[in-house]
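All remarks here apply to the structure that follows.
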């Protein structure tokens, strides 16, 4: 019995030790992450968003080239398939002490990450003036929060008009002359619906889109600023904004705007467009790559690309991928150097998908300008219309719900915008 | 000679006093399982402690802070809980959770029973039906939800077929109408889970002696009467098990909602699980999300406990 007890106690102790060992993190933030080895090798972990499928040769190539230029650096690439997972994956990585060194983020999540001090202000790593001078001003400023730059712009896009030439023809419209203003868009959509029974366009209310989000409808299309200068008060509940949004309410009710706009996400709209059920959508030309694999050849060859309809602001909403350096990086200087290097490889990426480089010299590069979609992307003055505050996700969700209520006929546009403005003021006061 | 519950007789001892104390010690050992049993239970006890109890305690601790997830945050007392009490979002999500669970639980307790009874009969293609009804269980939830999203889209297959059959004139907003979307979510959860409960009922039916069916048949009972008077009363324990399990499981629904509706439209399908995810990972309000999780845990525990008590009394 004594022997039995001893064995039992030993087993319990061993089990406890093994479990604790398994449960404990693999190291503390100080001792883990991406440490440099004693041989002087610098390890960098690089996270991208959804670039594995189709872009692996590009990423592998840039890493190989960087490592060749910097023999002591070894880069490990991790791709996150869904942009919404970036925050949770980063959270898990940082709390377990396994911080990446360079993370692909978007302007949607950067303010919150910066507010929680999980990404480094670039000025903490080195002087930023010379870095800023390399990039297009609009793209650089998207990463500047309260005067501090938190990210290097990677690649961007501005919204354009994608349209189905066949549906235009069937509706008696000239496919060579797509709409150039929002009034023309609404008129064309009505005609298309009346003549073909298809929806004129789809404009979802999610955050992902280059243009089709709540902020874009009000700030870019209607030309109504979202926030007062100090970012503490909502300013979009104006008669002008309500009157403009009434077009959407009427369009959804009458069927010339797809009902998917109410609760769908960008790619839901993309699917309808790919099926030839919708005549227009407003996205960056990068979506053409997705459309090519998700629509029939007959539909795809009917897709036209044109400049985004003009808005009162004279600018189009931009979308951006950025590279930030997490606070847990063990090699922030090298990480920043790598991030700057990566942002200079966008012409290579643009050969596969129509995206906009963020470096001034690349935008003017003849090689880039000869690529598909470059003319549309470079000809449009861009602006970021999203509120650059840490509570951005909450604000846009609040606006989305109120706009949904108006689209569903639960309240008037005026009431919806008033209610959203009240909610914004409360959120901003938190 | 004492005869313990396991039926192994113990040998008589010389002294009655010693016999009693030795027997008592032996009984205690047998009841406690002895050191070996402790040793074998230890790993699982440690795992439960590490992965269930510790997270529970830690979640409660985090719920008393303003943690963003990246750090432990500062103590804020019960303010997260008081925020919940006055939060229309939490109330709405809780109502949605209970609504979805009530519908799903009732359907999953009732619908598979007649199906199991029919499949239990020697009907043609019974293996095919059994496999077909179980198939959704083994398909990953995300995959099936994406497929359903295609089918139930405004311009999806469901509306196309219904319009072609002349059953509807306008497309139904299965996912875009707030009054319908919650029913759609319930339907997809039921479709995905039905096979599990069918299996529970089928295995339970196998324990019913054939003589009872035979006796019912001799007494002139038809299929319906046999189902009502023989099957249902005998299946009561299985029905109660299904009620409790499906209720607890549907209260945790997340994947279908995430893929199908994103909690919309107008928050009509946003349940507590989705709200917790949104607060924690989208808004980085881990303190508040933890408070929701703790409050929800208590509510679910009370409801499931109540349901379990009713189940025990009924059976």
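Chains as they are written, first to last, in this note's numbering: chain V, 327 to 756; chain B, 8 to 322. Virtual Cβ for every residue (Gly too), placed ideally from N, Cα, C. Being a predicted model, the structure only gives us computed values, none of them experimental.
Do residue i and the ligand GTP come close, with the Cβ less than 6 Å from some heavy atom?
| i | result |
| --- | --- |
| residue 142 of chain B | Ligands are entirely absent from the displayed structure, and the ligand GTP is therefore not among its contents. |
Quick one: does residue i have its CB under 7 Å from some CB of chain V?
| i | result |
| --- | --- |
| residue 170 of chain B | no |
| residue 4 of chain B | Lying outside 8 to 322, the shown extent of chain B, residue 4 of chain B is not represented and no answer is given. |
| residue 243 of chain B | no |
| residue 162 of chain B | yes |
| residue 200 of chain B | no |
| residue 318 of chain B | no |
Going by beta-carbon coordinates alone, are residue i and residue j separated by less than 7 Å?
| i | j | result |
| --- | --- | --- |
| residue 571 of chain V | residue 485 of chain V | no |
| residue 466 of chain V | residue 458 of chain V | yes |
| residue 753 of chain V | residue 720 of chain V | yes |
| residue 427 of chain V | residue 371 of chain V | yes |
| residue 610 of chain V | residue 696 of chain V | no |
| residue 531 of chain V | residue 540 of chain V | yes |
| residue 249 of chain B | residue 204 of chain B | yes |
| residue 185 of chain B | residue 273 of chain B | yes |
| residue 646 of chain V | residue 468 of chain V | yes |
| residue 210 of chain B | residue 112 of chain B | no |
| residue 480 of chain V | residue 648 of chain V | yes |
| residue 578 of chain V | residue 733 of chain V | yes |
| residue 563 of chain V | residue 743 of chain V | yes |
| residue 296 of chain B | residue 286 of chain B | yes |
| residue 267 of chain B | residue 152 of chain B | yes |
| residue 684 of chain V | residue 381 of chain V | no |
| residue 114 of chain B | residue 197 of chain B | yes |
| residue 188 of chain B | residue 275 of chain B | yes |
For residue i, would you say it is in contact with chain B, using Cβ-to-Cβ distances shorter than 7 Å as the test?
| i | result |
| --- | --- |
| residue 414 of chain V | yes |
| residue 695 of chain V | no |
| residue 720 of chain V | yes |
| residue 356 of chain V | At residue 356 of chain V, the pLDDT of 34 sits below 50, so the modelled position is not reliable and the matter cannot be decided from this model. |
| residue 407 of chain V | no |
| residue 450 of chain V | no |
| residue 490 of chain V | no |
| residue 420 of chain V | yes |
| residue 687 of chain V | no |
| residue 730 of chain V | yes |
| residue 585 of chain V | yes |
| residue 396 of chain V | no |
| residue 651 of chain V | no |
| residue 589 of chain V | yes |
| residue 754 of chain V | no |
| residue 438 of chain V | yes |
| residue 544 of chain V | no |
| residue 417 of chain V | yes |
With a threshold of 8 Å on Cβ separation, who are the neighbours of residue i within its own chain once the five nearest residues in sequence on each side are excluded?
| i | result |
| --- | --- |
| residue 164 of chain B | 157, 158 |
| residue 445 of chain V | 429, 431, 436, 439, 476, 477, 650, 651, 652, 653 |
| residue 132 of chain B | none |
| residue 212 of chain B | 123, 124, 127, 238, 242 |
| residue 176 of chain B | 170 |
| residue 499 of chain V | 514, 517, 518 |
By DSSP's criteria, residue i is part of a beta bridge. Which residues make up the other side?
| i | result |
| --- | --- |
| residue 682 of chain V | V:482 |
| residue 630 of chain V | V:489 |
| residue 430 of chain V | V:649 |
| residue 379 of chain V | In the DSSP output, where bridge partners are listed per residue, residue 379 of chain V has none listed. |
If I measure Cβ to Cβ from residue i and keep anything under 6 Å in the same chain, skipping five residues before and after, which residues do I get?
| i | result |
| --- | --- |
| residue 746 of chain V | 724, 725, 728 |
| residue 682 of chain V | 482, 483, 703 |
Any beta-carbon of chain D closer than 7 Å to the one on residue i?
| i | result |
| --- | --- |
| residue 444 of chain V | Included in the structure are the protein chains V and B, with no chain D among them. |
Leaving aside the five residues before and after residue i along the sequence, list all residues of the same chain whose C-beta is less than 7 Å from its C-beta, in chain order.
| i | result |
| --- | --- |
| residue 413 of chain V | 435 |
| residue 750 of chain V | 560, 721, 724 |
| residue 385 of chain V | 374, 377, 403 |
| residue 453 of chain V | none |
| residue 542 of chain V | 643, 711 |
| residue 516 of chain V | 526, 582 |
| residue 91 of chain B | 97, 298, 299, 302 |
| residue 348 of chain V | Since pLDDT at residue 348 of chain V reaches only 39, below the 50 mark, its modelled position is unreliable, and the value read off the structure follows with that caveat. Closer than 7 Å at the Cβ level, and outside the excluded window around residue 348 of chain V, lies no residue. |
| residue 195 of chain B | 152, 155, 263, 267 |
If the cut-off is 7 Å on Cβ atoms, which residues from the region 286–313 of chain B count as contacting chain V, listed in chain order?
Residues 288, 289, 290, 291.
Report the residues of the region 63–95 of chain B with a CB closer than 9 Å to any CB of chain V, ordered along the chain.
75, 76, 77, 78
With 8 Å as the C-beta to C-beta threshold (strictly closer), list the residues of the region 165–195 of chain B near chain V in chain order.
178, 180, 182, 183, 184, 185, 188
Positions along the region 246–276 of chain B whose CB lies within less than 8 Å of some CB in chain V
Across the region 246–276 of chain B, CB contacts with chain V closer than 8 Å involve 268, 269, 271, 272, 273, 274, in sequence order along the chain.
Residues within the region 595–611 of chain V neighbouring chain B, beta-carbon criterion of under 8 Å:
Those would be 597, 598, 601, 603, in chain order.
In the region 467–482 of chain V, which residues sit with their C-beta less than 7 Å from some C-beta in chain B, listed in chain order?
The residues in question: there are none.
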